[in-house]
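In case it helps, our numbering puts the sequence shown at residues 68 to 155.
Here is the structure we will look at, set down as structure tokens.
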Amino acid sequence: MENGTITYTQLLREDLGIFRVTPDGEVPDFKAGQFLTLGLPLDSKIVNRAYSITSSPQNKNFFEFVIRWVRRPLPGRLTSLLFNAKEG
């Protein structure tokens, strides 16, 4: 497991955002459509969820994700944390 930092966020709509995560190490090779497990702390535990990578496999600086925040019937725990997270 490798740590990373949210280095960019852009809300396209209230429920749709772009998130860039820069890993502490190198960006490994990946294929288009591959997913990555992200995690953030919540109540002294880590909440993990898988998200599809939307950045180009040629990009070696960060991973980019376009994420939709579905709030009904129940909002996703990690997605809610991401939409409220600050860069850095």
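All residues carry an ideal CB built from backbone N, CA and C; glycine is no exception.
Considering only S123, Q77, D82, P90, the residue with the shortest C-alpha distance to K98 is S123. In the DSSP assignment, N115 falls outside any alpha helix (DSSP H) and lies within the beta strand (DSSP E) extending over 112-119. Of the residues V114, D110, Q101, E69, the one whose Cα lies closest to the Cα of L149 is V114. DSSP lists Y118 as the bridge partner or partners of L103. In the structure shown, F129 adopts coil according to DSSP, grouped into three states.
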